[in-house]
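In the working numbering, the protein residues as written are 777 to 869.
Beta carbons: idealized from backbone N, C-alpha and C, even for Gly.
Step one of this worksheet: look at the structure below.
Given below as structure tokens:
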């Protein structure tokens, strides 16, 4: 299986994987509206890969087969100060 990977110009570090190039038929319209104009990044032979950068390859394959697309969002931003307070057991109360 070769899939097409698109990046969002509206949402930083957001990628949309679809089964075929320029085939957004199975992608919900609301998602496409939020994603913005997809910009092709690469064609990816997903069957020949055993891992991807940040996404679980098995989840990507499964969602492509089930839904026809996979949306990869960036990990949430961690508030380092709050994380440090939690790590040292700081409690202002």
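By the C-beta criterion, the stretch 804-818 is judged to be in contact with the stretch 779-794, since at least 3 inter-stretch pairs fall below 8 angstroms. For residue 843, the CB contacts under 8 angstroms within the same chain, skipping 5 residues up- and downstream, are 802 in chain order. Annotation: the continuous alpha helix (DSSP H) that includes residue 807 extends over 805-811. Here the C-alpha atom of residue 829 lies approximately 14 angstroms from the C-alpha atom of residue 847. Between the C-alpha atoms of residue 839 and residue 792 there is a straight-line separation of about 11 angstroms.
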